[in-house]
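Here this note's numbering runs 19 ahead of the position in the sequence shown, where the first position is 1. The structure under discussion appears below in the form of C-alpha cells.
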Amino acid sequence: MRSILQRGTNTYIIDIECTLANGLPSMSIVGLGSKAVTESRERIRSAFAQSGLTFPKKRITVNLAPADVPKESTSFDLAIATAIMAVDTTFTQLQAETDAFIGEVGLDGSIRPVRGIIGQIIAGKKKGIRRFFVPAGNIRQACLVPETILFGVKSIRELYTILSSETVQPSATTNVAKLSANTASKNTLHEIQGQEQAKRALIIAAAGRHNILLSGPPGTGKTMLAKALHSLLPPMSSPEMLSVTHVHSLAQTNFEDLVAERPFRAPHHSASQKAIVGGGSPVRPGEMSLAHHGLLLMDELPEFGRATIEVLRQPLEDQAINIARANETVSYPADFLLVATCNPCPCGYYGTDKACSCTPHSINRYKQKISGPIIDRIDLHVSVHTVEHSLLLAKVPSVETVASHHKKIAAACERQRSRQGAVPNARLNNQEVRSLSRLTVDAEQLLTAAASRMGLSARSFMRTIKVARTIADLDDDPMIRNAHIAEALQYRPPSDIQH
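Here it is in C-alpha cells:
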C-alpha cells in the first residue's frame, strides 16, 4: 500500500508493507514512526472489531518505507489498515502501485480527516499515483486539485466494500477550473474621509501588489486605510485558492473549509517571532505564510520586536520563508502584501500641532526599530495627516465611485497578466523589469537624475520603476512617462528616516 508523508510543504511517498507470521498474536510497526504512528495498532485493532472485520490472529509486522525518514502523522492509519486487510483478502479493485490511502482511523472504524491533504495529493500525482482514498471530511479541499480521482470514505467497512466490489465509481473527478470564489467586496474605502493621497497609494498597492507603509499621528485613519486595502484586492484565482487552502490546512484543524477569499492577517505586536515566522514541533506555518496571496497588516510596526521585524527581509524578497531546525528544514510560501503603520514618535505627536513629550533619544530609537533594509523593501511610503473635523460628517463617496476603483484595479491587473503572466509588477525580477518596463527617454533621464540626488539604492531604483509601471497600467499606457516616474518618486521615504 502507499501513503504520503507531509513535513511542512515537503512530501514523501511512503510504502506500507505488511506480513503475517505464525506465533503469538501481536502487531508491530517499524520504520521510524513516532508515538502517534505506533499507537495506530490499538486504533486499527478496535476499528476492525467495531466494523465486523476479521483481524488476523497472527504475528503482524508493518514496515513504513523508507525506514530512515521520521514519520509522525496519523494519516498512515488508513494505509496500514488496508495493508492488513489486503494480506488476507483479494481485492478486485486494488491497484497497489497507483493507489494512495490517507486518513486517521477512529476506534469505531470511522475515518477522520487529516491536515495537509492538498499537498499530499499534489505530491502523489507527481509520483504517479492515480487514485486517492481520503476521508470524506477532506473531499472539499481535495477537490481543489485538478484532474484527480478521489474516493471519499467514511469508514474502513465502506473502504472494504469499495475494494471488494466488481465495479466502483469515484466520489469525485476534480477540475479546479470550475471552482471559483463568490465573495462580496466590503467596499470600506468609501467610509474614509479625506486622505486622498493615501487612497491613491492604496489603489497602486492593490493593482501591483506593492508593500506600503502608512505613517502619521494617532487617530488619522492609518488602520482604517490599511484594512480598506484588503477590500481592493482582486479575487483569487483557482491556483491561488489551492495554494492558500493548503497552507491553512497545515496550521488549522478545520479540514473541510475552502479559503476562497484573500487572507487578512493582523497579528498583535506582542506576537512572538515563532508565531509570525512559523515553527514549533511539528513545524507549523506562521502569520507570514497564513497571509500567502493575501494581506499581512503589521499595525504599529515599531512596537514589534526588532528581531521580528528583521525576519521580514527574506519573505519580502523571495516570497517564501525557510525554517531551519536541527533535524529538518521546512519551506513555506509567503507571497503576501505587507501593509504597515507607524507613528512619528512613541507618543505620536512629533511634527504635529500637539506638544510632543518624547526626548530626541527616544524618537531616534523609535525610528531605528525599522532598519534601512526593511525600509528599502517597502515600495510605497505615505504620510497620513490629520483630517479636518468638518469633513468627518460630510457625505461619503457613492458606491459607484468605489466600484470604479475596483474596475480600474482589475483592468490594470489584466494588463499585467497579458504582458507577464501571473506575476504582478511588484514581483518582477531585475531582468523582467528591464525587458518589460518601457521607459521613454525623458522618463529614464528624470529617474536617473532623481536617484542620484535622493541617494536611492539599486533596490530602491528598480522598485521605483515597478511602481511607475503599475501607475502606467492604471492609466492604460504601455510606456512609462515622466508623470509616472514623478509620482512613483514621491512615495519613496523622506530622508530623515533613511538609515
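Ideal placement from N, C-alpha and C gives every residue a C-beta, glycine not left out.
Taking 8 Å as the CB-CB cut-off, is residue 101 touching chain D? In the structure shown, chain D cannot be found, because there is only a single protein chain.
Would you mind working out which of 399, 90 and 433 sits nearest residue 35, comparing C-alpha positions? Counting from one through the sequence shown, the residue named residue 35 turns up at place 16. Closest by alpha carbon: 90.
Is it the case that the stretch 227-245 contacts the stretch 141-153, given that we only count it when at least three CB pairs across the two stretches are under 8 Å? no
Just how far apart, CA to CA, sit residue 464 and residue 510? Here residue 464 is taken as the residue at index 445 of the sequence shown, counted from 1. Here residue 510 is taken as the residue at index 491 of the sequence shown, counted from 1. Going from the Cα of residue 464 to the Cα of residue 510 covers about 19 Å.
Answer yes if the stretch 316-333 comes into contact with the stretch 383-400, meaning at least three C-beta pairs across the two stretches below 8 Å, and no otherwise. Flag = yes, the stretch 383-400 and the stretch 316-333 touch.
Tell me which residues share the same chain as residue 439 and place their Cβ nearer than 8 Å to its Cβ, disregarding the 5 neighbours each side in the sequence. Taking the first residue of the sequence shown as 1, we reach residue 439 at position 420. If we look at residue 439 and ignore the five residues flanking it on each side, its Cβ neighbours are 447, 451 and 455.
DSSP-derived helix/strand/coil call for residue 180: Mapped onto the sequence shown, residue 180 falls at position 161. It is helical.
Please go through the same chain and pick out, in chain order, the residues whose beta-carbon is closer than 6 Å to the beta-carbon of residue 201, but skip the five residues on each side of it. As a working mapping, residue 201 is identified with position 182 in the sequence shown. For residue 201, the predicted structure reports a pLDDT of 41, less than 50, and the residue's modelled location is therefore unreliable. A value from the coordinates is still provided. So no residue of the chain qualifies.
If you reduce the DSSP assignment to three classes, tell me which class residue 104 lands in. Within the sequence shown, residue 104 is the residue found at index 85, counting from 1. Three-state result, residue 104: helix.
Name the DSSP bridge partner or partners of residue 90? If you number the sequence shown from 1, residue 90 lands on position 71. Beta-bridge pairing links residue 90 to 52.
Whose CA, out of 225, 156 and 166, lies closest to the CA of residue 427? Position 408 of the sequence shown, counted from the first residue, corresponds to residue 427. When only C-alpha atoms are compared, the closest one is 225.
Roughly how many angstroms separate the alpha carbons of residue 275 and residue 159, rounded to a whole number? Position 256 of the sequence shown, counted from the start, is the residue given in the question as residue 275. Position 140 of the sequence shown, counted from the start, is the residue given in the question as residue 159. Approximately 6 Å between the Cα atoms of the pair.
Closest by C-alpha distance to residue 93, when choosing among 407, 345, 144 and 301: Sequence index remark: in the sequence shown, residue 93 carries index 74 (1-based). Per the Cα distances, 301.
Enumerate in chain order the residues of its own chain whose CB-to-CB distance from residue 265 is below 6 Å, with the five nearest sequence positions on each side excluded. In the sequence shown, the residue the question calls residue 265 occupies position 246. Closer than 6 Å at Cβ, skipping near neighbours: 137 and 138.
Check residue 297 in the structure and name its three-state DSSP category. One-based indexing of the sequence shown puts residue 297 at position 278. Residue 297: strand per DSSP, three-state reduction.
Three-way DSSP call (helix, strand, coil) for residue 204 in this model: In the sequence shown, the residue the question calls residue 204 occupies position 185. Confidence at residue 204 is low in this model, with a pLDDT of 43, below 50, so the placement of that residue should be treated as unreliable; the coordinate-derived value is given next. Coil.
In the DSSP assignment, the beta strand (DSSP E) including residue 21 goes from what residue to what residue? Taking the sequence shown and counting its residues from 1, one reaches residue 21 at position 2. 21-26 is the extent of the beta strand (DSSP E) around residue 21.
Give a yes or no on whether the C-beta atoms belonging to residue 72 and residue 175 are separated by under 8 Å. Start at 1 with the first residue of the sequence shown, and residue 72 comes out as number 53. Start at 1 with the first residue of the sequence shown, and residue 175 comes out as number 156. Going by C-beta atoms, residue 72 is nearer than 8 Å to residue 175.
On the DSSP bridge assignment, give the partners of residue 125 in chain order. For the purposes of this step, residue 125 is taken as the residue at position 106 of the sequence shown. For residue 125, which the question treats as bridged, DSSP gives no partner whatsoever.
For residue 43, does the count of other Cβ atoms within 10 angstroms reach 16, so buried, or fall short, so exposed? Start at 1 with the first residue of the sequence shown, and residue 43 comes out as number 24. So residue 43 ends up on the exposed side.
Taking one C-beta from the stretch 379-386 and one from the stretch 337-350 each time, how about it: are there three or more such pairs within less than 8 Å? no
Beta strand (DSSP E) containing residue 403: first to last residue? Here the question's residue 403 lines up with position 384 in the sequence shown. Premise fails: residue 403 is in no beta strand (DSSP E) and is neither H nor E.
Could you work out which residue in 22, 31, 369 and 134 is closest to residue 571 when comparing CA atoms only? The question about residue 571 has no answer, for the chain in this structure spans 20 to 518.
Among the candidates 492, 401, 303 and 472, whose CA atom is the shortest distance from the CA of residue 443? Here the question's residue 443 lines up with position 424 in the sequence shown. Looking at the Cα atoms, 492 is the closest of the given residues.
Measuring alpha carbon to alpha carbon, tell me which of 500, 422, 293 and 467 ends up nearest residue 251. In the sequence shown, residue 251 corresponds to position 232, counting from 1. Measuring from the Cα of residue 251, the nearest candidate turns out to be 422.
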